[in-house]
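Number of protein chains: 2
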Amino acid sequence: MAAQNAFEQKKRAILNEIDSTQPDLSPKGTIDELCLPIIDLINASADMVTTSSCSGRVSVFLEGTKSYNGEVKIGGKGQGGKWLYVTHDREKVIGWLDELKSKSEFSFELSGKEIPTEKVTGSIRYILYKYEPFILHVKCRDFQAASKLYNTAMSCGFRESGIGSNNLVAIRINIKLDVPLGYLDETSGTLKFFVTPEYVSVLDSLSLSKFDENTRKMQALYDRIEKELINCAPDVNSKVNIMPIETKEERRERKKREGMERQRQLKSPQNVL
Amino acid sequence: MAAQNAFEQKKRAILNEIDSTQPDLSPKGTIDELCLPIIDLINASADMVTTSSCSGRVSVFLEGTKSYNGEVKIGGKGQGGKWLYVTHDREKVIGWLDELKSKSEFSFELSGKEIPTEKVTGSIRYILYKYEPFILHVKCRDFQAASKLYNTAMSCGFRESGIGSNNLVAIRINIKLDVPLGYLDETSGTLKFFVTPEYVSVLDSLSLSKFDENTRKMQALYDRIEKELINCAPDVNSKVNIMPIETKEERRERKKREGMERQRQLKSPQNVL
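These protein sequence lines are chains Y and L, in that order.
For the first sequence, the UniProt record's numbering gives the first residue as 1, with consecutive numbering after it.
For the second sequence, the UniProt record's numbering gives the first residue as 1, with consecutive numbering after it.
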C-alpha cells in the first residue's frame, strides 16, 4: 500500500505541474503539442504518468569544446556549444538556413568546398544537423505495468525502448539523421559549410519524410496503448487523432474535468492491484 | 529453483554456441574481437550471459523499397536493400570508397552536385553512411541482476540502455553518424553522390574519433562491471585490457578451463540467490 501511495503522490505532483501555466524544465519550456494526445491518454490510466517527452525535432548544433581526461574533447553541450536552430514543427524545416543567416552572429561560407586544414577532429567545432524522433518517458506504478507498456511499445516498432530504474519506461525509436554540415573557423568567426545549400535541401526533404513516419508511428502507438492498456473507456468510438483539434481553453476545461475524474478513479478500490 | 535452472540451462546453451567453431547468426558470422573481453567478463558472472553484441561499425547502405500500408516506403532492409560496405575495424575505414568503386556492380558519379530531380523522397533509394556504436545484450538471472547491470551501464554514460522482457538488458550509447551520401539513379545504374570525396574523408575522420570514444566507453564499462558486479576474482591485479592479447588457440584453451570452472560455480550453492 505504501508503494502505491508513493506512486499516486508522484503522479498527482506531475499532473499538477503539467496543468500549470509555468514553463517546464525543457529548453522550450512547454510540452510539444503533438505529444498532448498520447500524454493525456497515458495519464488517463491509473498506473502510468508521463515524465518527459519530445515529439521529434530538427536541430542544428554548433559543438562546444570540453575537457576529457586531459584531452580536448569535442561534442555534446560542453563549453561554447550552441543551438543554431531548433524546430519541432515540420512547417518550419524548409528555409531554416536563410532564417539562420539573417539572424546569426556568425558569417557564412556556403560553397560546400570547405575542408578544415587541421584534420585532427579533436580541435574542430563541427556544425551538426540532426533529426531526432519522438521520445517519451513514463513512470509506471509497478514492474507489471512497466512491462506491459514496454511490450506494447516494442510491438509498434519502438525497438530501442527499455525499462529503467523505478519502473520508468523510455519509449524510443531509431529514425534519425546525424550529419556534419561544416565547422566554425574560429579565427574569422565564420561558419564554413562542407555541403551546399542544395544538399541542405535534400536533408530537409528527408527530415520531412521522417516527421511523417514519426507521426504515423506515434499514432500506431496511441492506438495500441488505447486498445491494450486503457481499454476501459466506455465510448470506444471516440478515437482521438494525433492532431489536437481543441483550443487551449477547451483543453484546460477538459483537463480540469479529467483531473477530477482521475482523482475519483485513484481513490476507487478497483484500481488497487 | 525452477527459474534458476532455466537460466542456467539457457546460459550453458549460449556459451556452448559461443565456443563452437560454427558461424553465429549475425551477417558477419563471428563475434567482434573487440567485444571478447567484456563478453568473457560478463559470462564469468553466474548471473549473466551475453546474447548478442556489436563492437561498433561503419557501414554504407543502399536503401531498398518496401511496401507500407499501400504506399511505397523507402528505408530499412526492404526489397533490394544492399550493404555496400561494412567494417568493424577502424583500420579499414579510410579508403572504403576506392575499394567500393573498384569492386562495385554500379558505376559512380562523385561530383557532389547530384540532386535527384524527383524531390519526392518516397521513390528515391538513398545511399546512407552510418557510424553505429557498441551495443550489447545481456540476459540476467533475475530482475535484481538486470537492474544492477542497467545501473552500472547508465553510470558509465550508456544512457540509452534499458531492461526488456525476460531480464534482457540492452546496453546502448548515442555516438552516431547517419548521413545520406547520394542516391541510386535506377535508369543508368549509377550511384550519384550529393557529397564530394573530400566530404567523405571528413566523415571518415569523424568515424575514427567515434571509434576511439567508443573504445574508451567500452573500457570504462568493462572496469565498472568488473569493480561493481564481478569483484569476486581473487587476483584483482590482473586487469584485462580491452584489446585481446592472446592468440585464438590460447583463447580456446582458456575458454575450456573457464568453462569447467563455470560449471563448477554454477553447481556451487554459494551462487544460489
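By construction, the Cβ of each residue, glycine as well, lies at the ideal position given by its N, Cα and C atoms.
Check: The segment 32 to 39 of chain L contacting the segment 192 to 202 of chain L, beta-carbon criterion three pairs below 8 Å; Outcome: no
Check: Under 7 Å (Cβ pairs) to chain L, residues found in the segment 175 to 196 of chain Y; Outcome: Lys176, Leu177, Asp178, Val179, Pro180, Phe194, Val195
Check: Test item: CB-CB of glutamate 213 of chain L and lysine 176 of chain L under 8 Å; Outcome: no
Check: Interface partners of alanine 170 of chain Y on chain L, CB under 7 Å; Outcome: Gly162
Check: Within-8 Å CB hit, isoleucine 173 of chain L to chain Y; Outcome: no
Check: Beta carbon proximity, tyrosine 85 of chain L to chain Y, threshold 8 Å; Outcome: no
Check: Run of the alpha helix (DSSP H) containing proline 37 of chain Y, from where it starts to where it stops; Outcome: 36 to 43
Check: Residues that phenylalanine 194 of chain L bridges to, as DSSP identifies them; Outcome: According to DSSP, which records beta bridges pairwise, phenylalanine 194 of chain L is partnered with nothing at all.
Check: Cα-Cα separation, cysteine 156 of chain Y to glutamate 250 of chain L; Outcome: 45 Å
Check: Chain L within 8 Å of asparagine 151 of chain Y, Cβ atoms only; Outcome: yes
Check: C-beta neighbour in chain L for isoleucine 242 of chain Y, strict 8 Å; Outcome: Confidence at isoleucine 242 of chain Y is low in this model, with a pLDDT of 46, below 50, so its placement is unreliable and the value that follows should be read with caution. Cβ-Cβ to chain L under 8 Å: no for isoleucine 242 of chain Y.
Check: Closer than 7 Å at the beta carbon, the chain L residues around tyrosine 222 of chain Y; Outcome: The premise fails here: tyrosine 222 of chain Y is roughly 16 Å from chain L at the closest Cβ pair, so nothing lies under 7 Å.
Check: CB contact flag (aspartate 204 of chain Y, isoleucine 115 of chain Y, <8 Å); Outcome: no
Check: For aspartate 178 of chain Y and lysine 130 of chain Y, believed in contact at Cβ under 8 Å, the rounded distance; Outcome: 5 Å
Check: Test: isoleucine 94 of chain Y CB closer than 8 Å to a CB of chain L; Outcome: no
Check: Lysine 139 of chain Y (DSSP reduced to helix, strand or coil); Outcome: strand
Check: Nearest-angstrom Cα separation, counted from leucine 168 of chain Y out to lysine 11 of chain Y; Outcome: 12 Å
Check: CB contact below 8 Å: glutamate 226 of chain Y versus chain C; Outcome: Considering every chain present, this structure includes no chain C. Its protein chains are Y and L.
Check: Within chain Y, partners of glutamate 109 of chain L - CB distance below 7 Å; Outcome: Within chain Y, no residue comes near glutamate 109 of chain L; the closest Cβ sits about 15 Å away, beyond 7 Å.
Check: Enclosing beta strand (DSSP E) for aspartate 98 of chain Y [first to last residue]; Outcome: Element bounds for aspartate 98 of chain Y: not the beta strand (DSSP E) but the alpha helix (DSSP H), 96 to 103.
Check: Chain-ordered chain L contacts of glutamate 198 of chain Y [CB-CB under 7 Å]; Outcome: Ile115
Check: Beta-carbon proximity check, cysteine 140 of chain Y vs methionine 218 of chain Y, cutoff 8 Å; Outcome: no
Check: Close beta carbons around histidine 88 of chain L, own chain, < 6 Å, minus the five adjacent residues each side; Outcome: Asp32, Ser55, Arg57
Check: Per DSSP, the bridge partner or partners of valine 86 of chain Y; Outcome: Y:Ser59
Check: Same chain only: Cβ atoms within 6 Å of phenylalanine 134 of chain L, ignoring 5 sequence neighbours per side; Outcome: Ser55, Gly56, Asn214, Met218
Check: Alanine 143 of chain L to serine 111 of chain L span [Cα, whole Å]; Outcome: Reading off the sequence, residue 143 of chain L comes out as phenylalanine, not alanine. Looking at the two C-alpha atoms, the distance is approximately 54 Å.
Check: Chain L within 8 Å of valine 202 of chain Y, Cβ atoms only; Outcome: yes
Check: Same chain, Cβ closer than 6 Å to serine 53 of chain Y, five either side skipped, listed in chain order; Outcome: Cys35, Leu136
Check: As assigned by DSSP and simplified to three states, the class of isoleucine 163 of chain L; Outcome: strand
Check: Beta-carbon contacts of leucine 62 of chain Y that lie in its chain and below 7 Å, excluding the five residues immediately before and after; Outcome: Gly81, Lys82, Leu84, Arg125, Ile127, Leu184
Check: Rounded straight-line distance, which links the Cα of threonine 21 of chain L to that of lysine 28 of chain L; Outcome: 14 Å
Check: Whole-angstrom distance between asparagine 16 of chain L and arginine 90 of chain Y, CA atom to CA atom; Outcome: 51 Å
Check: With 16 other Cβ atoms within 10 Å as the buried cut-off, status of arginine 172 of chain Y; Outcome: buried
Check: Whole-angstrom distance between proline 197 of chain Y and aspartate 98 of chain Y, CA atom to CA atom; Outcome: 10 Å
Check: Glycine 182 of chain L: first and last residue of the uninterrupted beta strand (DSSP E) it sits in; Outcome: 177 to 185
Check: Among Y:Val138, Y:Leu206, Y:Asn174, Y:Ser201, nearest to isoleucine 225 of chain Y - alpha-carbon criterion; Outcome: Y:Val138
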